[in-house]
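**Student:** One structure coming up, written as structure tokens, with questions to follow.
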């Protein structure tokens, strides 16, 4: 995460889904925490190589020196970029720049400046170019910021700057620092997310034409997420977008023949059946809303680390099996956006996208969960 190092009709089906959800939630927390804060486990061959370095003082010392020199150089470049930004924006001088840990590919810092009227900054940096990834995150945060204004809106950090280092060698993203706390008022969170979902598409929010997609491709976790704009904003446009740019894309990455055949032969041709009597309009989505991307700031709900795009508001709940949303949250959300007919029948569709993405990121049993979601969809469609 940015700040911390962090449906079935029958009773039997519901019980199975509940058990699977509970296990998935626990595994999601464990695996995602590991992915963001722990080193990868060494393979057998890697252990042999590591052992050679540990037992050879010449190799080890040379490697250590090179690594230390690289870290010093990267820090110097980052410091220069931060100082240049602060000076150019007229924020005075950098008073302090404190490390706040790292993830698998980025480091985090809190920066304080001398101008008392300027808030502290949160800086996310990478020693290798990550411009596209940072730009996708920045534009997503900007869109959520625009769609969350008002007292009852989400507290989204303001983005100030993003891009590659002037002289190369890395990238950074500078945003407002927020003093995060844990989730506090889930009902308020539900209402605030619903408000964001109801925000009208505008140029300021990155959607001047009211279509599905986003103004650039971004990532969900480490997986590329294509966001090419649809021709319009109709329900059929959404069906085609989700068919091709979401499930189809993840299936191509997964390479699972069973899921691909099930999707192509039994589900995709009948996908429109799931959306009968439903009018889908573009809503701004966080896109990866799980428990690790939710918190509060001075009691106000906040969400971060987005995989933002404009889509069907129900698609937001594809990660609900890993989000811990309880009755209070859903009561708050449904106060603003009532449940549409067929919501539970469509939910396996949106769950499948994230299960497939988790399989592409982590492997393991997620493919079984994705198969289960697709099989549930097929059974429903067979009855129609």
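Residue numbers (this note's numbering): 3 to 386. All residues carry an ideal CB built from backbone N, CA and C; glycine is no exception.
Is there contact here, the segment 347-365 with the segment 211-229, by at least three beta-carbon pairs under 8 Å?
**Tutor:** Counting Cβ pairs under 8 Å, three or more are found: they touch.
**Student:** Alpha carbon to alpha carbon, how far is residue 317 from residue 253? Give it in angstroms, no decimals.
**Tutor:** 17 Å
**Student:** Helix, strand or coil: which one does DSSP assign to residue 177?
**Tutor:** strand
**Student:** Would residue 126 and residue 269 qualify as a contact pair, given that the criterion is a beta-carbon distance under 8 Å?
**Tutor:** no
**Student:** List the whole-angstrom C-beta distance separating residue 338 from residue 197, where the pair is believed to meet the contact cut-off of C-beta under 8 Å.
**Tutor:** So it is a contact: roughly 6 Å between Cβ atoms.
**Student:** Pick out the complete beta strand (DSSP E) segments inside the segment 237-319, 3 residues or longer, and give them in chain order.
**Tutor:** 285-287, 296-299, 302-305 and 311-313
**Student:** Cutting at 6 Å between CB atoms, please list the residues of its own chain near residue 231, excluding the five before and the five after it.
**Tutor:** 213 and 215
**Student:** Keeping to the same chain, check which residues put their C-beta closer than 7 Å to that of residue 26; ignore five residues upstream and five downstream.
**Tutor:** Below a pLDDT of 50, predicted positions are generally treated as unreliable, and residue 26, at 49, falls in that range; the measurement from the model is reported next regardless. Taken in chain order, the residues that qualify are 323, 324 and 371.
**Student:** Helix, strand or coil for residue 375 per DSSP?
**Tutor:** helix
**Student:** Which residues in the same chain as residue 188 place their Cβ atom closer than 6 Å to its Cβ, once the five residues preceding and following it in sequence are excluded?
**Tutor:** Result list for residue 188: 330 and 331, in chain order.
**Student:** Given a threshold of 16 other Cβ atoms within 10 Å of its Cβ, counted over all protein chains shown, does residue 346 qualify as buried or as exposed?
**Tutor:** Exposed is the call here.
**Student:** Please determine if the segment 138-157 and the segment 302-311 are in contact, where contact requires at least 3 C-beta pairs separated by less than 8 Å.
**Tutor:** yes
**Student:** Pop quiz: residue 185 and residue 298 are said to be a contact at Cβ under 8 Å. What is the actual Cβ separation, rounded to whole angstroms?
**Tutor:** 6 Å
**Student:** Report yes or no: do three or more beta-carbon pairs, one from the segment 255-270 and one from the segment 279-288, lie closer than 8 Å?
**Tutor:** In short, these stretches do not touch, since the Cβ pair count stays below three.
**Student:** My output table needs one value for residue 343: the three-state DSSP class, helix, strand or coil.
**Tutor:** Looking at residue 343 - three-state DSSP - the assignment turns out to be coil, as it is neither helix nor strand.
**Student:** In this structure, does DSSP put residue 166 in helix, strand or coil?
**Tutor:** If DSSP states are grouped into helix, strand and coil, residue 166 belongs with the strands.
**Student:** Among the candidates 359, 315, 276 and 194, whose CA atom is the shortest distance from the CA of residue 251?
**Tutor:** The closest CA to that of residue 251, considering only 359, 315, 276 and 194, is found on 359.
**Student:** Looking at the unbroken alpha helix (DSSP H) that takes in residue 337, where does it start and where does it end?
**Tutor:** Here the alpha helix (DSSP H) through residue 337 covers 329-338.
**Student:** Given residue 207, which residues of its chain have a CB within under 7 Å of its CB, disregarding the five upstream and five downstream residues?
**Tutor:** 145, 148, 149, 201 and 286
**Student:** Starting from residue 100, trace the alpha helix (DSSP H) both ways and give me its first and last residue.
**Tutor:** Segment 96-104 is the beta strand (DSSP E) holding residue 100; no alpha helix (DSSP H) there.
**Student:** Restricting to Cα atoms, I'd like to know which of 277, 106 and 83 is closest to residue 352.
**Tutor:** 277
**Student:** For residue 368, collect the residues of the same chain with a Cβ closer than 7 Å to its Cβ; drop the 5 residues on either side in sequence, then sort them by chain order.
**Tutor:** 357, 360 and 361
**Student:** Evaluate the contact criterion for the segment 109-120 versus the segment 150-160: three or more CB pairs, one atom per stretch, below 8 Å.
**Tutor:** no
**Student:** Alpha carbons only, please: which of 174, 245 and 193 is nearest the one belonging to residue 152?
**Tutor:** Relative to the Cα of residue 152, the nearest Cα in the group 174, 245 and 193 belongs to 193.
**Student:** Which value, in whole angstroms, describes the spacing of the CA atoms of residue 100 and residue 114?
**Tutor:** 9 Å
**Student:** In terms of DSSP beta bridges, what is residue 227 paired with?
**Tutor:** 220
**Student:** Answer with buried or exposed for residue 315, where buried requires no fewer than 16 other C-beta atoms within 10 angstroms of its C-beta.
**Tutor:** buried
**Student:** Taking only the alpha-carbon atoms, compute the straight-line gap between residue 249 and residue 293 and give it to the nearest angstrom.
**Tutor:** 23 Å
**Student:** Work out the CA separation of residue 109 and residue 295 for me, nearest whole Å.
**Tutor:** Pairing residue 295 with residue 109, the inter-Cα distance amounts to about 17 Å.
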